[in-house]
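Engineer: Quick one: structure below, then a few questions.
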């Protein structure tokens, strides 16, 4: 029953995605937008009904478990409980991996776990907090958001035993992203290696292009590509209420190359304003690059209307020569895209050029989970999120969702104790760098 319920919620969520996509694909068709909105609202209502049913089922199971316990029967303390999780994870492959791993934990403990993902997670979680109806757990794509909620008293600290168990699997640096003013609130969930440029080596070789090692070489190569009739970059920044973070990622990389690490830290900590000469100058440089005629291919017509997800297929098809994006982007390539096998369509990566900076700069990102309630079942899942068992299960299931074999899953982690043999050789190299 638990597994069936999870699949139902996934189906409802997928329906709302389709409706939303239909509305955004034709901004001129008012009637189409109205229909799409109605469908999305219907899907949301159905999802809410399913959640209510899940909670009712969980309440019945909880009552049965308590009755059994009072009768002296040996029961799992998690049996009959229910935990609600929200987050921004929403692509079919990623949801299959995430929910499959959670489903395994739910089945093993005779409990119910349900997850709702949304492109508008950031605004929705704020509304839920204001209404006093937060989920039990949420997946945070930004450490800053988790820190804000922790300082405002919305999140509960991790018990010492959970912190100790999770710390066995993660470095102090990784745990630090979930530590707020000396208290541990967050558990690392996944980790991505940023500062990567995806490309096709065979296309580079056919055109006589070499992988750049400095910014001057990168932008000089881009100008050469334009002169040759090729488009250097695929770029899209649309991401629901989080639209624009792709631009910020470019700015982060450029800040670390145009200025010192101390300047970068001052900016990210809020000491250096966005209006400062250092930050505004780099932002303008990125805009100037993007606005250069012939520099960018935007699948959706414009950079602003193109989803950050929609750059894999045009790169494979040769509509552009490069795409700067983090390691998770491997989950957005068409199925059966070859990787590092020397074939014409095979993809690979090179590091966003660092020049002679020593040691080389590597930016990482990722997601954290934070808890809004401190019930035992909630903390059990928080601990599970930080375990190698969760990461191994998610990787296995996410690969299966993409066709299995030696595919790129798009799920990467800095968990120190995972079975790295489950990952493609390219992604294994990402894990080694992040460990």
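Residue numbers (our numbering): 11 to 445. Backbone N, C-alpha and C fix where the C-beta goes; we use that ideal spot for every residue, glycine too.
Quick one: residues in its chain with C-beta nearer than 6 Å to the C-beta of residue 211, no 5 flanking neighbours on either side, listed in chain order?
Structural biologist: Translated into positions along the chain shown, residue 211 becomes position 201. Closer than 6 Å at the Cβ level, and outside the excluded window around residue 211, lie 358.
Engineer: In terms of residue numbering, what span does the alpha helix (DSSP H) encompassing residue 375 cover?
Structural biologist: As a first step, residue 375 is located in the chain shown; it is residue number 365 there, counting from the start. Counted as a single uninterrupted DSSP element, the stretch harbouring residue 375 is not any alpha helix (DSSP H) but the beta strand (DSSP E) occupying residues 374-381.
Engineer: Out of 92, 110, 86 and 126, which one is the CA nearest neighbour of residue 99?
Structural biologist: Here residue 99 refers to the residue found at position 89 when the chain shown is read from its first residue. Minimum Cα distance to residue 99 is reached at 126.
Engineer: Check this for me: beta carbons of residue 197 and residue 392, under 8 Å apart or not?
Structural biologist: Position 187 of the chain shown, counted from the start, is the residue given in the question as residue 197. Position 382 of the chain shown, counted from the start, is the residue given in the question as residue 392. The answer is yes: Cβ separation under 8 Å.
Engineer: Among the candidates 407, 258, 223 and 265, whose CA atom is the shortest distance from the CA of residue 341?
Structural biologist: Here residue 341 is taken as the residue at index 331 of the chain shown, counted from 1. Here the closest residue by C-alpha is 407.
Engineer: Please tell me whether residue 251 and residue 130 are closer than 8 Å, where the distance is taken between their beta carbons.
Structural biologist: Reading the chain shown from its first residue, position 241 is the one you call residue 251. Reading the chain shown from its first residue, position 120 is the one you call residue 130. The answer is yes: Cβ separation under 8 Å.
Engineer: Bridge partners of residue 97, per DSSP?
Structural biologist: By one-based count along the chain shown, residue 97 stands at place 87. Residue 97 is bridged to 127.
Engineer: Residues in the same chain with beta-carbon distance under 7 Å from residue 236, minus the five sequence neighbours each way, listed in chain order, please.
Structural biologist: Counting from 1 along the chain shown, the entry for residue 236 is found at position 226. Counting only Cβ-Cβ distances below 7 Å, and skipping sequence neighbours, we find 242, 304 and 305.
Engineer: Put residue 446 into one of helix, strand or coil per three-state DSSP.
Structural biologist: The question about residue 446 has no answer, for the chain in this structure spans 11 to 445.
Engineer: Could you tell me which of 296, 166 and 308 sits nearest to residue 144, measuring between CA atoms?
Structural biologist: By one-based count along the chain shown, residue 144 stands at place 134. Nearest C-alpha to residue 144: 166.
Engineer: So the alpha helix (DSSP H) residue 319 belongs to, where does it begin and stop?
Structural biologist: Here residue 319 corresponds to residue number 309 of the chain shown, with the count starting at 1. Neither: residue 319 is in no alpha helix (DSSP H) and is coded neither H nor E.
Engineer: What is the DSSP secondary structure of residue 197, reduced to helix, strand or coil?
Structural biologist: What you label residue 197 is simply residue 187 of the chain shown in a count that begins at 1. Residue 197 falls in the strand class under three-state DSSP.
Engineer: Under a three-way DSSP split, which group does residue 39 fall into?
Structural biologist: Stepping through the chain shown from its first residue, residue 39 is reached at position 29. Only weak support exists for where residue 39 lies, its pLDDT of 38 falling under 50; the value from the coordinates is given anyway. Three-state result, residue 39: coil.
Engineer: To the nearest angstrom, how far is the alpha carbon of residue 445 from that of residue 344?
Structural biologist: What you label residue 445 is simply residue 435 of the chain shown in a count that begins at 1. What you label residue 344 is simply residue 334 of the chain shown in a count that begins at 1. Cα to Cα, the separation comes out at about 28 Å.
Engineer: Which residues does DSSP pair with residue 334 in a beta bridge?
Structural biologist: Here residue 334 is taken as the residue at index 324 of the chain shown, counted from 1. DSSP output for residue 334 lists 207 as bridge partner(s).
Engineer: Is the beta carbon of residue 273 sitting closer than 8 Å to the one on residue 262?
Structural biologist: In the chain shown, residue 273 corresponds to position 263, counting from 1. In the chain shown, residue 262 corresponds to position 252, counting from 1. Not a contact, by the Cβ cut-off of 8 Å.
Engineer: Determine which residues share a DSSP beta bridge with residue 274 and list them.
Structural biologist: The residue labelled residue 274 in the question sits at position 264 within the chain shown. Looking at the DSSP assignment, residue 274 forms no beta bridge with any residue, so it has no partner.
Engineer: Can residue 360 and residue 137 be called in contact, C-beta distance under 8 Å?
Structural biologist: Numbered from its first residue, the chain shown carries residue 360 at position 350. Numbered from its first residue, the chain shown carries residue 137 at position 127. No. Outside cutoff.
Engineer: Would you call the segment 375-390 in contact with the segment 178-196, where contact means no fewer than 3 C-beta pairs closer than 8 Å?
Structural biologist: Per the Cβ contact rule, the segment 375-390 is in contact with the segment 178-196 (3 or more Cβ pairs under 8 Å).
Engineer: Can you name, in chain order, every residue of its own chain whose Cβ lies under 7 Å from the Cβ of residue 440, other than the five neighbours on each side?
Structural biologist: Taking the chain shown and counting its residues from 1, one reaches residue 440 at position 430. Once the five neighbours on either side are set aside, the close Cβ partners of residue 440 are 203, 337 and 422.
Engineer: Is DSSP giving residue 347 helix, strand or coil here?
Structural biologist: Locating residue 347 in the chain shown gives position 337, counting from the first residue. Correct three-state label for residue 347: coil.
Engineer: Might you give, ordered along the chain, the residues of its own chain that have their beta carbon closer than 8 Å to the beta carbon of residue 153, omitting 5 neighbours on each side?
Structural biologist: Taking the chain shown and counting its residues from 1, one reaches residue 153 at position 143. Cβ neighbours of residue 153 beyond the five flanking positions: 187, 188, 196 and 378.
Engineer: Once the 5 residues before and after residue 402 are set aside, which same chain residues still bring their CB inside 7 Å of it?
Structural biologist: As a working note, residue 402 is residue 392 in the chain shown. These residues qualify, in order along the chain: 428, 429 and 432.
Engineer: Residues in the same chain with beta-carbon distance under 6 Å from residue 226, minus the five sequence neighbours each way, listed in chain order, please.
Structural biologist: Position 216 of the chain shown holds residue 226. So the list is empty, once near-sequence residues are dropped.
Engineer: If we count the other Cβ atoms within 10 Å of its Cβ and call it buried at 16 or more, is residue 20 buried or exposed?
Structural biologist: Taking the chain shown and counting its residues from 1, the one referred to as residue 20 is at position 10. Confidence is the limiting factor: at residue 20 the pLDDT is only 41, short of 50, which leaves the residue's position unreliable, though a coordinate-based value still follows. Per the 10 Å Cβ criterion, buried.
Engineer: With a cut-off of 8 Å on the beta carbons, I'd call residue 436 and residue 350 a contact; round off their distance for me.
Structural biologist: The residue given as residue 436 occupies position 426 in the chain shown. The residue given as residue 350 occupies position 340 in the chain shown. That pair is a contact at about 6 Å.
Engineer: Please determine, among 265, 295 and 110, the residue with the shortest C-alpha to C-alpha distance to residue 282.
Structural biologist: Taking the first residue of the chain shown as position 1, residue 282 is located at position 272. Among 265, 295 and 110, the Cα nearest to that of residue 282 is on 265.
Engineer: Fully enclosed by the segment 117-169, which beta strand (DSSP E) runs are 3 residues long or longer?
Structural biologist: 122-127 and 147-150
Engineer: Given residue 253, which residues of its chain have a CB within under 8 Å of its CB, disregarding the five upstream and five downstream residues?
Structural biologist: Here residue 253 refers to the residue found at position 243 when the chain shown is read from its first residue. The residues are 247 and 314.
Engineer: Within a Cβ cutoff of 6 Å, which residues of the same chain sit near residue 365, ignoring the five residues on either side of it in sequence?
Structural biologist: Position 355 of the chain shown, counting from 1, holds the residue named residue 365. Hits under 6 Å: 224.
Engineer: Keeping to the same chain, check which residues put their C-beta closer than 6 Å to that of residue 438; ignore five residues upstream and five downstream.
Structural biologist: Taking the chain shown and counting its residues from 1, the one referred to as residue 438 is at position 428. Contacts found: 430.
Engineer: Judging by CA-CA distance, which residue of 200, 182 and 370 is the nearest neighbour of residue 394?
Structural biologist: Working through the chain shown from its first residue, we reach residue 394 at position 384. Taking only the C-alpha atoms, the option nearest residue 394 is 200.
Engineer: In terms of residue numbering, what span does the beta strand (DSSP E) encompassing residue 361 cover?
Structural biologist: Counted from its first residue, the chain shown places residue 361 at position 351. Its beta strand (DSSP E) spans residues 358-361.
Engineer: Of all the options 146, 411 and 217, which has the alpha carbon lying nearest to the alpha carbon of residue 385?
Structural biologist: Against the chain shown, residue 385 aligns to sequence position 375. Considering only alpha carbons, the answer is 146.
Engineer: Please state whether DSSP places residue 221 in a helix, a strand or coil.
Structural biologist: Mapped onto the chain shown, residue 221 falls at position 211. Residue state, collapsed to three classes: coil.
Engineer: Excluding the 5 residues flanking residue 293 on each side, which residues of the same chain have their C-beta closer than 6 Å to its C-beta?
Structural biologist: The sequence position of residue 293 within the chain shown is 283, counting from 1. Closer than 6 Å at Cβ, skipping near neighbours: 261.
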